[in-house]
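Notes for the one structure printed next.
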Amino acid sequence: MSKARDDSKARDRFNDEATIWSDDSDRPVRDLISSSAEQRLKLLGSAGVIGAILGLGGVLAAGAGLKGMIWLAIVVLGLVAVVTVANYLEAGIMVFLALCWFLFKTPGLAQGQSGGGEQGLALSQLGLVFLLAAWALRRLFGREGKLYKSPINAPIVVYLFVCLWSTLHSQLFPDSNIERGLIIATPVAVNLMEVVLRVLALGGLLLMANTVTRKNQSRLAAMFPIAGVLLFLFSLQGGPNDLQHPQGLALFVPGQGYGAFPQMLAVGALVALALAGIGKRWQQGAMVGIALAIFGWAFIRNAEWVSGWLAGGLTLAIVVYNTNRRLFWVGVGIVALIVLIKFEYFWDKFYKMNFYAGGHMNWGLATLRGEQIGALENDRSRMLRAAFQYADAFPLGVGLGNYKNYNLHYGSPAVWNSTTFTSAHGTYAQTLSELGWLGLLSQLWLQVATLVALYRYWRALPAGTWEKPWLLATYAGCWGLFVSAFLGDYIFPSYHNGGMGSFGGTVYLWLFAGLGIGIARLNGLSWDRLTGKVADRPRPQPRWVRPLEGDQ
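Numbered according to this note's numbering, the sequence shown spans residues 82 to 633.
Written out as C-alpha cells, the structure reads:
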C-alpha cells in the first residue's frame with residue numbers, strides 16, 4: 082500500500098514538472114533574472130557604467146548651469162529606474178503604456194520644428210530608453226532565449242541599416258549647395274535623433290513581442306484602452322477646432338492631433354471585443370459607448386484634421402467587416418448618404434483644407450481657396466512630386482532630418498517650386514525624399530510584413546477567447562495608421578514637424594503590433610508552421626515509467 086502511494090506521488094511530481102518544462106512555447110516566460118548577489122552586482126555595475134557615459138555626455142552636450150543639472154538628475158534617476166525595472170520589467174511596461182503619451186520634455190537638444198525652437202527628449206523617449214536598457218541587462222545577465230521568430234525581424238534590421246547608411250552618407254558627402262552657402266547644414270543632433278526615434282519605436286515592438294507573459298498579457302492589453310481614455314479626457318479641455326492652441330490638460334497631449342492615434346487604436350480594440358461577445362452585456366455596451374464617444378469627439382473637435390478620424394474610421398470598418406457583415410454594409414450606406422447630402426461641406430472642409438493648404442495649416446489657404454485651379458495643383462501633390470525629384474537627385478536620399486534645410490533651397494520658386502515646408506507632410510513622401518527608393522522599399526517591406534504577420538496570427542487563433550478579436554483590432558489599427566500616414570508623418574514623426582513631442586502618440590502603433598506578436602508567441606504560433614515551411618508534427622506526450630527497485 083505504501084509502495085503504491087509512493088508511486089502515485091512520484092507520478093504526480095513527474096507530471097507537474099513535465100507540464101512546466103516540456104513545452105517552452107506554451108508556458109509563461111519565467112523571471113529569468115538571477116536573484117543572487119553576484120548577478121545583482123553585475124546589473125548595478127553595468128547600469129552604472131552606462132549611466133556614467135550618458136550622464137557625462139548629457140552634461141557636456143547641455144553645457145553648465147541649469148540644463149546640465151537637469152540632465153544629471155535625469156541620468157541619476159534613470160540609473161535607479163533601469164536597475165529597478167530590470168527586476169520588474171512587465172510592471173514598468175504597464176506604467177509606460179498608460180502614460181507614454183504624457184507631454185513632458187527635457188531641456189532642448191537642437192534647433193528644430195518650423196518655428197525654430199529647440200526640442201528636448203519627451204517622456205516617451207526616456208521611458209523607452211529605460212525599458213530597453215533594462216531588457217538588455219536581463220538578456221545580458223539572464224538566461225533568456227532567442228528572439229521570437231516572426232517575419233518582422235528581418236525588415237526591421239534592413240530598414241534601420243538603410244536609415245544609418247543614408248544618414249551617414251549625407252554627412253560624409255553633403256550637397257555642394259551647403260559649401261556654397263545656399264543650404265544650411267542640419268545639426269548632427271537632429272540627424273541622430275531621427276535615427277534614435279526609429280530605433281526606439283521598433284525596439285519597443287521587439288520588447289513587447291518577447292517579454293509579455295501569459296500572466297500579464299491581459300493587463301498589458303488593458304493599458305492601451307486606459308491610455309486612450311486618459312488622452313480623451315485630457316483632450317476634452319482643448320475645445321473644438323482648437324488643435325493649434327491647446328489649454329488646460331490638453332497642453333500635456335501630443336500636439337497637432339497626434340494624440341488621436343492611441344485613441345483610435347483603443348476604439349478598434351473596444352469595438353472588436355464588444356462585437357466578439359467578450360464580457361457581459363453591460364460591459365459590451367460600455368465598450369461600444371466609450372469607443373463612439375472617443376471617435377465622435379475626435380471628429381467634432383476638428384473634422385478638418387482628416388488623418389485622425391480616417392485612421393479610426395478605417396480601423397472600425399475592418400473590425401466590423403470581419404465581425405458583422407450586415408452591420409458593416411448598413412454603416413457604409415449611412416456614411417455614403419451623409420456624404421452625398423453634405424457633399425460641399427466635405428469637399429471644402431476635408432479636401433481643400435488638407436490638400437490645398439498642405440496639411441492642417443493656414444499657409445496659402447486664403448489665396449488658394451478662392452482660385453479656380455486643377456484638382457491636383459495643390460501643396461501635397463507638389464510635395465509628392467518633389468519627393469520623386471529628391472529620389473532622382475539623391476539616390477540614397479538627403480538623409481534623415483535634412484529635409485527642412487534642403488527643401489528651403491530646392492523647394493523654392495527659383496528651383497523646383499514645390500513649397501518650402503519643413504516636412505513633406507506625408508510619411509511616404511518624407512521617406513522617399515530622405516532615404517531614397519531603397520529606404521521607401523525597406524519601410525514598405527516592414528509595413529507589409531507587419532500586416533501579413535498580424536493577419537496570419539489572427540486567423541490562426543481559436544475563437545472564443547479575447548486574444549482573437551484583439552489581434553483583429555491590432556491588424557485593423559495598423560491598416561488605419563498606415564493609410565492615414567499618406568497625409569502626415571504618423572509612422573515615424575519628423576523632428577522638424579514637432580516629432581519629439583508627437584512620438585508619444587505615434588509609438589503606440591508599434592507597441593500595439595508588438596503586443597499582438599507577443600500574444601501569438603504565447604499561443605504557440607510558429608511562423609514556419611503557419612507558412613507550411615515546417616510540418617506540424619504532434620508534440621510528444623510525457624510518459625511516466627515506474628522506477629526500478631534499486632533506484633528508489
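Note that beta-carbon positions come from the ideal geometry of N, C-alpha and C, so glycine has one too.
Check whether residue i and residue j have beta carbons under 8 Å apart
i	j	result
Leu288	Trp390	no
Asn483	Thr267	yes
Phe567	Ala203	no
Thr500	Met464	yes
Val334	Gly340	yes
Leu481	Val293	no
Gly507	Gly582	no
Asn405	Leu553	no
Leu603	Arg295	yes
Val387	Phe342	no
Ala472	Gly517	yes
Ser205	Val479	no
Val416	Phe427	no
Trp608	Lys230	yes
Residue closest to residue i, alpha-carbon to alpha-carbon, out of the options
i	options	result
Pro23	Ala350, Val293, Trp591	For the chain, the structure presents residues 82 to 633; residue 23 sits outside this window and is missing.
Ser399	Leu489, Leu513, Trp551, Tyr487	In the sequence as presented, Ser is not what sits at residue 399; that position holds Ile. Ranking the options by Cα distance to Ile399, first place goes to Trp551.
Tyr536	Ala566, Ile598, His506, Leu489	Ile598
Leu356	Gly561, Met368, Lys296	Met368
Ser72	Gly480, Gln252, Ile174	The chain is shown only over 82 to 633; residue 72 falls outside these bounds and no answer can be derived.
Asn297	Ala172, Met345, Asp570	Ala172
Arg466	Gly478, Trp497, Val479	Trp497
Leu207	Phe185, Asn486, His250, Gly226	Phe185
Pro232	Leu532, Leu278, Ala505	Leu532
Met274	Cys244, Phe211, Thr292	Cys244
Pro543	Val280, Arg610, Gly517, Leu606	Leu606
Thr587	Ile381, Leu516, Leu562, Tyr169	Leu562
Val280	Ala214, Leu263, Val413	Ala214
Tyr240	Leu218, Ile415, Ile265, Leu278	Leu278
Ala474	Lys423, Phe342, Asn258	Asn258
Arg220	Ile415, Phe427, Asn291	Asn291
Gly394	Val564, Leu218, Val276	Val564
Gly492	Ser462, Glu425, Leu477, Tyr509	Ser462
Thr555	Phe242, Phe427, Thr396	Thr396
Val276	Leu253, Leu249, Gly412	Leu249
Pro476	Ile422, Trp608, Asn272, Trp246	Trp246
Ile572	Ala392, Lys423, Phe183, Tyr487	Ala392
Leu209	Phe222, Cys181, Ala235, Gly226	Cys181
Tyr487	Ala235, Ile265, Leu253	Ile265
Spatial neighbours of residue i in its chain, beta-carbon cut-off 6 Å, leaving aside the 5 residues before and after
i	result
Leu314	none
Lys485	Thr503, His577
Ile375	Phe313, Gln344, Val348
Phe380	Trp390
Leu263	His490
Gly580	Pro574
Leu408	Val401
Gln365	Ala355
Leu228	Asn291
Ala557	Gly349, Thr396, Ile399, Val400
Beta-carbon contacts of residue i that lie in its chain and below 7 Å, excluding the five residues immediately before and after
i	result
Ile371	Val310, Leu351
Leu178	Leu301, Met304, Phe305, Ala308, Leu592
Ile359	Trp547, Pro550
Ile237	Leu283, Leu527
Thr512	Gly520, Leu521, Gln524
Ala601	Tyr538
Cys559	Thr531, Leu532, Leu535, Leu590, Ala594
Ala541	Leu606, Leu611
Ala505	Met464, Ala468, Tyr484, Gln511, Ser514
Phe242	none
Chain C contact for residue i (CB, 8 Å cutoff)
i	result
Glu171	Protein chain content of the structure displayed is limited to a single chain, and chain C is not contained in it.
Close beta carbons around residue i, own chain, < 8 Å, minus the five adjacent residues each side
i	result
Ile378	Note on residue identity: the sequence assigns Trp, not Ile, to residue 378. Hits under 8 Å: Phe313, Ser316, Leu317.
Leu212	Val166, Leu170, Gly173, Ile174, Phe177, Gly285, Leu288
Gln470	Tyr491, Trp497, Ser499
* Considering only residues of the stretch 564 to 610, which uninterrupted alpha helix (DSSP H) runs meet the minimum length of 4 residues and lie entirely inside it, listed in chain order? -> Runs found: 580 to 603.
* What are the complete alpha helix (DSSP H) segments, minimum 4 residues, inside the stretch 371 to 434? -> For the stretch 371 to 434, the continuous alpha helix (DSSP H) assignments of 4+ residues that do not extend past its boundaries occur at 387 to 402, 406 to 422, 424 to 427, in sequence order.
* What runs of the alpha helix (DSSP H), each 4 residues or longer, lie entirely inside the stretch 236 to 309? -> Those alpha helix (DSSP H) runs which fall completely within the stretch 236 to 309 and span 4+ residues are 257 to 260, 269 to 292.
* beta strand (DSSP E) runs contained entirely in the stretch 460 to 537, provided each spans 3 or more residues -> Within the stretch 460 to 537, no complete beta strand (DSSP E) run reaches 3 residues.
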